[in-house]
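K.L.:
Below you will find the structure I want to go over with you.
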Ligand SMILES: C[S@@+](CC[C@H](N)C(=O)[O-])C[C@H]1O[C@@H](n2cnc3c(N)ncnc32)[C@H](O)[C@@H]1O
């Protein structure tokens, strides 16, 4: 496909921003070009036609957002903040959970610590939610997992699933995957004992971050923790949480 024109690039960026809150920067131009090119070639349409297709068809919009979003995640990522998980964390929300490695990590950590919470894992991406529900991961994804955790909670694949592992039912049953767009959806009235929303707000601008923090903290129990990613911070934004340490805030 030809390179997107300046006008087309801006329109695609506006759509991504309006739909997901993600602020695409100029560095993402190549990525956007490549991903749109792949899809338009498959559909046999030009970039302008594809713009109207995603605007008119929610299914195509989902595929588009799926194709351009950064879903990078891994088991036991930034595990320092897990120390805030304890027996009182009966309901955990793992927002922007990508393909499930994060909520399954939380579940294994809790079970190993002697309690079994209910974990809501949400993401905007249908394909990520599907991967999470399937709970099958290539062997190369499990290098971070402690050996005992691996033995207890993961099953080795055989036959066509050789070189893969599946998360065992004892862990899977603790995690429920649901679609939730942090920008557009409203949480139910359920109150959470801790919220993890890591490595997604880094793609949001200040007003979007403020709205998302406000929305999530409205369903966080008083005295409970709000955990963000290591490269993220709420400094410079308006919020009602107390700073505890890098990546950790508390609702007071
Ligand atoms: C880089 S991954 C982070 C995954 C995981 N939290 C971690 O820290 O490893 C970012 C995730 O945010 C999701 N995401 C992006 N915009 C979103 C939105 N508006 N609502 C919900 N999820 C969103 C993406 O689909 C992706 O799975």
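In my numbering, the protein residues as written are 264 to 515. Using N, Cα and C, we set each Cβ at its ideal position, and we do this for glycine too. Quantities reported herein were computed from a predicted structural model and do not represent experimental measurements.
Among all the DSSP beta bridges, which residues are the ones paired with residue 439?
P.N.:
As a working mapping, residue 439 is identified with position 176 in the chain shown. Residue 439 pairs with 383.
K.L.:
Return helix, strand or coil for residue 401, following the three-state DSSP convention.
P.N.:
Here residue 401 refers to the residue found at position 138 when the chain shown is read from its first residue. Of the three classes helix, strand and coil, the one that applies to residue 401 here is strand, per DSSP.
K.L.:
Using a Cβ-based criterion (distance less than 7 Å to any ligand heavy atom), does residue 365 qualify as near ligand 1?
P.N.:
The residue given as residue 365 occupies position 102 in the chain shown. True, at least one ligand heavy atom lies under 7 Å from that Cβ.
K.L.:
Ligand 1 and residue 387: does the residue's C-beta get closer than 7 Å to at least one heavy atom of that ligand?
P.N.:
Here residue 387 corresponds to residue number 124 of the chain shown, with the count starting at 1. For ligand 1, at least one heavy atom lies less than 7 Å from the Cβ of residue 387.
K.L.:
Leaving aside the five residues before and after residue 497 along the sequence, list all residues of the same chain whose C-beta is less than 8 Å from its C-beta, in chain order.
P.N.:
Here residue 497 corresponds to residue number 234 of the chain shown, with the count starting at 1. So the qualifying residues of the chain are 472, 476, 491, 504, 506 and 512.
K.L.:
Please check the pair residue 361 and residue 334, which I expect to be a contact at CB under 8 Å, by giving their CB distance rounded to whole angstroms.
P.N.:
For this step, residue 361 is matched to residue 98 along the chain shown. For this step, residue 334 is matched to residue 71 along the chain shown. Right, the Cβ-Cβ distance comes to about 5 Å (below 8 Å), so this counts as a contact.
K.L.:
With DSSP as the reference, identify every bridge partner of residue 354, one or two as the case may be.
P.N.:
Sequence index remark: in the chain shown, residue 354 carries index 91 (1-based). In the DSSP output, where bridge partners are listed per residue, residue 354 has 381.
K.L.:
Give a yes or no on contact between the region 425–442 and the region 361–376, applying the rule of three or more CB pairs nearer than 8 Å.
P.N.:
Cβ pair count under 8 Å is three or more, so yes.
K.L.:
Does the Cβ of residue 285 lie closer than 7 Å to at least one heavy atom of ligand 1?
P.N.:
As a working note, residue 285 is residue 22 in the chain shown. Checking every heavy atom of ligand 1 against the Cβ of residue 285, one is found closer than 7 Å.
K.L.:
Here's the rule: buried if 16 or more other CB atoms are within 10 angstroms of the residue's CB, otherwise exposed. What is residue 344?
P.N.:
Walking along the chain shown from the start, residue 344 turns up at place 81. Buried, by the Cβ-count rule.
K.L.:
Taking DSSP as the reference, what is the three-state secondary structure of residue 315?
P.N.:
Reading the chain shown from its first residue, position 52 is the one you call residue 315. Correct three-state label for residue 315: helix.
K.L.:
Does at least one heavy atom of ligand 1 sit under 7 Å from the Cβ of residue 245?
P.N.:
The requested residue 245 is not part of the displayed model; the chain covers only 264 to 515.
K.L.:
On the criterion of 16 or more Cβ atoms from any shown chain inside 10 Å, does residue 301 qualify as buried, or is it exposed?
P.N.:
Within the chain shown, residue 301 is the residue found at index 38, counting from 1. By the neighbour-count rule (16 or more Cβ atoms within 10 Å), residue 301 is not buried but exposed.
K.L.:
So is the beta-carbon of residue 463 under 7 Å away from any non-hydrogen atom of ligand 1?
P.N.:
Counting from one through the chain shown, the residue named residue 463 turns up at place 200. Yes, Cβ of residue 463 sits closer than 7 Å to a heavy atom of ligand 1.
K.L.:
Look at the alpha carbon of residue 384 and the alpha carbon of residue 336, and state the distance between them as a whole number of angstroms.
P.N.:
The residue given as residue 384 occupies position 121 in the chain shown. The residue given as residue 336 occupies position 73 in the chain shown. About 14 Å.
K.L.:
By the 10 Å Cβ neighbour count, where 16 or more other Cβ atoms means buried, how is residue 450 classified, buried or exposed?
P.N.:
Numbered from its first residue, the chain shown carries residue 450 at position 187. Classification of residue 450: buried, given that the 10 Å Cβ count is 16 or more.
K.L.:
Quick one: give me the first and last residue of the alpha helix (DSSP H) that residue 279 is part of.
P.N.:
Looking up residue 279 in the chain shown gives position 16. Taken as a continuous stretch (DSSP letters only), the alpha helix (DSSP H) holding residue 279 covers 269–283.
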